[in-house]
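All remarks here apply to the structure that follows.
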Amino acid sequence: MAENENTRRSALAGVRIIDLTWLQVGPQATRILASFGAQVIRIEWRHPAAVDFLRYMQPFAPDHATAQGGRSQGAARSHGIRGNFDRGGYYNNTNPGKYGITLNLNHPKGRDLLRQMVREANAICENFSPGQMDKWNLGYEELRRLNPRIIYMQTTGVGKVGTYKNYVSYGPTAQAMSGLTFMSGLPEPHPPAGWGYSYLDHSPGYFGAMLMMAALRRQRQSGVGAYIDLSQTETGMMLTGTSLLEYQLTGKPTSRYGNRMPYLDWSPHGAYRCKGEDNWIAISVQSDEQWRSLIEELGSPQWALDARFANAAGRKANEDELDRELTSCTVLEDRYDLMMRLQAHEIPAGVVQKAPDRFDHDPQLKARGYYVDLPHSEIGTWPIEGFPAKLSRSPADVGGLTGRAAPKLGEDNDYVYRELFELTADELAALRQEDVI
Amino acid sequence: MKTQTSLGSSLNELVLLEIGNELGDYAAMLLAGFGIDAIKLEPREGSPSRRIGPFAAPPPSAIRTARTHLFGSADAPPSASSPVSNNGGGDSRSVFFWRYNLNKKSAALDLDHTATRPLLARMAAKADIVLLSGEIETVEQRLELWRELASQNASLIVCTITPFGLTGPYRALKSTDLTQMAMGGIMAVCGYDPDANLEYDTPPIAPAMWHAYHVAGEYAAIAILAAVNFRDLSGEGQFIDVSVHEAVNTCTEIAIPSYIYNGQVVLRQTARHAFPHITQFRLSKSRDDVYMLASLSPFEREARAFAELADQVGIEHVLKTPEYKQLEKEDSRAAYTYRNDLIEQLVARLPAQEVFERAQALGLAWSPIRRPEDNLTDPHFTARHSFAAIHHPELGRDLLYPGTVAGDGEQPHMNYRRRAPELGEHTSEVLEWSGCDRDEIEKLRALGVL
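Protein sequences appear in the order of chains H and A. So in the working numbering, spot 256 of the first sequence is number 256, and the numbers just go up one at a time. Count along the second sequence from 1, add 437, and you get the number used in the working numbering.
Next comes the structure, spelled out in structure tokens:
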């Protein structure tokens with residue numbers, strides 16, 4: 001399938017994925033699959049109540065951004081343009097490399113068209129609320145009758161099977177339930193700090209890509225399909241480290257440690273304020289030798305010569321005071337200068353980088369070509385976050401088969417319906433007329 | 438639901454050799470969950486991750502607690518005399534090691550001995566994937582040999598996981614999970630609200646724990662699976678260079694787009710999304726003292742559901758009145774504050790589980806902020822086989838591990854059955870697999886390689 005397009009050497013050459021996902025968690029998986037050469041056909045509907053929330057969520061491209069321009073025209077705040085769903089910056093970053101079509105699944109002809117596509121696809125992905133596809137009679141059992149080899153991946157907050165199978169969830173809900181929110185933050189009486197974003201809209205997408213690649217390989221080898229009931233909350237549970245085992249061994253409830261290291265004699269270990277507004281550096285001292293180098297680099301202040309701090313056990317036992325004293329030194333320092341001076345002593349130290357630091361400054365990301373400029377048909381060329389591994393023979397390319405950032409709503413209707421699914425111009429016009437596409 | 442079979446053994450004809458530290462443990466374990474035969478080649482003193490706490494000392498009754506080592510203690514660190522260590526003194530009490538090395542085999546050998554080279558060459562000829570992880574110097578040193586061995590086996594996939602990748606000006610910088618979370622941007626968006634003057638009196642927070650290595654491990658597993666698919670198509674292996682720093686950078690949602698498009702820097706805030714401005718505080722506590730994630734998205738249906746929930750619980754409100762609709766139009770902040778106060782009252786009136794069930798029954802995506810262990814006995818996860826019961830003979834009991842993220846309707850898609858290996862537990866088996874006969878094994882033993 002789609003073999004004529006896969007002239008490049010890619011890991012997923014010839015794979016076609018019907019992508020009904022929206023928001024972040026579903027599209028994250030298909031983004032990765034597209035970057036490895038799968039033909040990802042993103043299906044959306046243009047009714048305002050059905051449009052992907054990310055299409056009308058900030059950040060928006062600046063109002064002055066045009067198809068021929070983009071970032072070169074400069075960044076600026078924008079509230080978006082009313083009724084225009086093609087200017088979302090986060091959407092653009094989430095959906096590069098995908099084809100975009102419109103299809104009304106509330107219309108029986110829309111559902112028939114989807115069934116036709118599924119017959120000629122390797123996989124279908126969706127992250128609607130639990131049960132939505134069944135309501136449309138497009139659930140796994142129905143689709144596998146049409147295509148026994150189909151891989152059906154459904155991503156929900158808590159899974160399609162189980163006591164909570166009808167429960168609804170956003171990333172933060174799943175994080176709260178999984179234990180991840182509780183684990184993040186300063187010790188009580190501070191409340192949990194949680195996560196400043198939906199981590200569980202990212203990680204389950206990584207797992208989705210993994211599961212799909214395993215399933216696609218099996219499909220190629222043995223012709224067997226798969227049903228994948230992927231749960232955001234279970235993904236979070238996979239990421240709770242050793243806490244579940246500790247609890248079973250000790251009966252002690254999980255607690256929070258802030259930025260400290262509870263499992264090794266590493267101290268100081270935390271984020272320390274530096275010169276400037278909300279500037280911080282993270283420092284992890286792993287040995288007494290590193291400690292001695294650290295205090296020497298800070299000019300051997302009197303407090304640091306205190307015998308209590310001479311060894312790891314002493315530093316651990318007096319960590320509150322240690323952190324206060326260390327901050328009194330770091331607050332006078334430029335964060336990057338201090339980082340490089342500590343690194344010269346082989347002390348793990350890293351600036352707490354904010355977005356401008358990561359985009360404008362970070363020489364490592366620049367040298368590795370992490371941000372990839374990709375064109376968008378309405379808002380022009382913008383940097384897109386890349387894939388964090390370099391493969392020597394089948395590299396990931398976030399531009400995928402389209403060589404483009406995200407599609408405009410329905411941008412590829414003609415290409416997909418006419419070229420790939422061989423509808424005639426008349427058929428297409430009739431479907432448009434009937435509000436099917 | 439009747440389905441096709443689980444993916445838990447879908448890759449079981451592949452062999453992966455893993456050499457390295459905690460940067461690679463998780464990636465190899467993920468692949469082992471799909472049936473890949475993951476062989477950990479460890480130095481005779483054991484992989485570095487065997488020395489990461491917490492530590493368990495069997496039997497459980499002998500577990501001690503201390504400040505820095507949860508189960509061992511600083512003055513009595515886990516040692517070669519541990520009842521569960523073997524084959525050269527490696528320690529097998531690291532719960533960290535247990536967690537991230539399920540399903541694997543362990544062969545202990547002197548990785549840098551000249552006599553080991555022909556042995557590694559035999560393994561390279563039979564293996565499908567090699568995963569090297571650790572500090573750049575160590576990985577580069579080992580990579581030299583594996584480049585040579587890969588030239589003899591063109592279908593070999595060699596993946597490295599290093600802190601910053603094999604190239605670039607930061608490649609030799611030192612890092613830990615904490616400093617990676619800092620440089621990758623996650624810390625800057627996690628933490629607590631600033632004060633009224635928008636100044637922060639608390640540090641950015643690295644959510645616990647090991648997430649830099651989680652993200653990198655997941656990407657490494659993806660990249661390896663992509664390479665396996667490519668090899669099926671082309672017959673060719675390849676080299677993969679994973680950077681922990683880049684991996685963490687991919688995982689911060691709107692932080693980078695907000696800056697790129699709008700020039701705005703998002704601000705960290707307590708238990709909610711970092712955003713260009715500070716949004717309203719919305720943690721509430723239930724009657725049984727559990728923090729609750731209870732908030733409403735902008736969708737009208739959620740507003741209606743909340744009004745219904747408030748009615749059910751007997752919270753007086755004016756949410757359905759024209760006056761409130763007017764307030765929403767004229768002063769959305771005041772309307773939001775009013776609704777938030779109602780949420781707080783409502784949550785405080787009931788136990789967390791009841792709030793959870795009632796809210797969810799009305800389609801509200803609320804949840805208690807649970808401790809991880811609260812899920813161990815939740816019937817939902819039991820029904821889904823979310824936890825894998827793994828037997829620990831040294832403890833004389835099973836431990837429940839989070840074992841999958843997905844199922845096929847009946848079975849989990851990842852299949853974990855075997856506890857992490859003791860050091861060298863499978864050395865003989867691995868040597869036999871590589872093609873060594875008994876005489877050769879004895880010679881290697883005499884040379885001090887094994």
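For glycine and all other residues, C-beta sits at the position ideal for the given N, C-alpha and C.
Say whether chain H places a C-beta atom closer than 8 Å to the C-beta of residue 836/A.
-> yes
Residue 818/A, buried or exposed, once every other Cβ within 10 Å from all chains shown has been counted against 16 | buried
Can you give the Cα-Cα distance for residue 120/H and residue 138/H, rounded to whole angstroms?
-> 15 Å
So, using beta-carbon positions, are residue 256/H and residue 186/H closer together than 8 Å?
-> yes
Report yes or no: is there a C-beta of chain H within less than 8 Å of the C-beta of residue 455/A?
-> no
Mind checking which residues open and close the beta strand (DSSP E) that includes residue 492/A?
-> Counting along the chain, residue 492/A falls outside any beta strand (DSSP E), and DSSP gives it neither H nor E.
For residue 576/A and residue 389/H, the rounded distance between their alpha carbons = 16 Å
Residues near residue 438/H in its chain [Cβ-Cβ closer than 6 Å; skip 5 each side] | The requested residue 438/H is not part of the displayed model; chain H covers only 1 to 437.
If we ignore side chains and look at the alpha-carbon of each, how far apart do residue 568/A and residue 258/H end up?
-> 32 Å
Would you say residue 425/H faces chain A, with C-beta separation under 8 Å as the test?
-> no
Close Cβ partners of residue 821/A (< 7 Å) along its chain, the five nearest in sequence each way excluded | 844
Just mark residue 50/H as buried or exposed, buried being the case when its beta carbon has 16 or more other beta carbons within 10 Å.
-> exposed
May I ask which residues mark the beginning and end of the beta strand (DSSP E) holding residue 100/H?
-> 99-102
Residue 536/A versus chain H: which residues are under 8 Å apart at the beta carbon?
-> 241, 242, 245
Check whether the Cβ atoms of residue 26/H and residue 408/H sit closer than 8 Å, and answer yes or no.
-> no
Going by other Cβ atoms of all chains shown within 10 Å of its Cβ, with 16 needed for buried, is residue 308/H buried or exposed?
-> exposed
Measure the alpha-carbon distance for residue 358/H versus residue 612/A and round it to whole angstroms.
-> 17 Å
List, in order along the chain, the chain H residues whose C-beta lies closer than 7 Å to that of residue 637/A?
-> 278
Roughly how many angstroms separate the alpha carbons of residue 515/A and residue 838/A, rounded to a whole number?
-> Only weak support exists for where residue 515/A lies, its pLDDT of 36 falling under 50; the value from the coordinates is given anyway. The alpha-carbon atoms of residue 515/A and residue 838/A are separated by roughly 23 Å.
Would residue 635/A be called buried (16 or more neighbouring beta carbons within 10 Å of its own) or exposed?
-> exposed
Any C-beta of chain H sitting closer than 8 Å to the C-beta of residue 679/A?
-> yes
Residue 541/A at chain H interface by Cβ criterion, 8 Å = no
Using a Cβ-Cβ cut-off of 8 Å, state whether residue 611/A counts as contacting chain H.
-> yes
Please list the partners that residue 163/H has in chain A, where partner means a Cβ-to-Cβ separation under 7 Å.
-> 816, 817, 820
Could you tell me whether the Cβ atoms of residue 682/A and residue 601/A are closer together than 8 Å?
-> yes
Should the stretch 285-304 of chain H be regarded as contacting the stretch 328-346 of chain H, the criterion being three or more beta carbon pairs within less than 8 Å?
-> yes
Between residue 399/H and residue 367/H, what straight-line distance do the alpha-carbon atoms span, to the nearest angstrom?
-> 19 Å
Every unbroken beta strand (DSSP E) inside the stretch 748-804 of chain A [3 residues or more] | none
Quick one: is residue 449/A buried, meaning 16 or more other Cβ sit within 10 Å of its Cβ, or exposed?
-> exposed
Determine the chain A residues that contact residue 61/H at a beta-carbon separation under 7 Å, and present them in chain order.
-> 698
Are the C-beta of residue 828/A and some C-beta of chain H separated by less than 8 Å?
-> no
Could one say the Cβ of residue 344/H lies closer than 8 Å to chain A's Cβ atoms, at least one of them?
-> no
Just the Cα atoms here: how many angstroms apart are residue 560/A and residue 871/A?
-> 5 Å
What runs of the alpha helix (DSSP H), each 4 residues or longer, lie entirely inside the stretch 208-239 of chain H?
-> 232-238
Residues that residue 16/H bridges to, as DSSP identifies them = 39/H
CB-CB under 7 Å to residue 411/H, same chain, minus the five flanking residues each way: which ones, in chain order?
-> 100, 377
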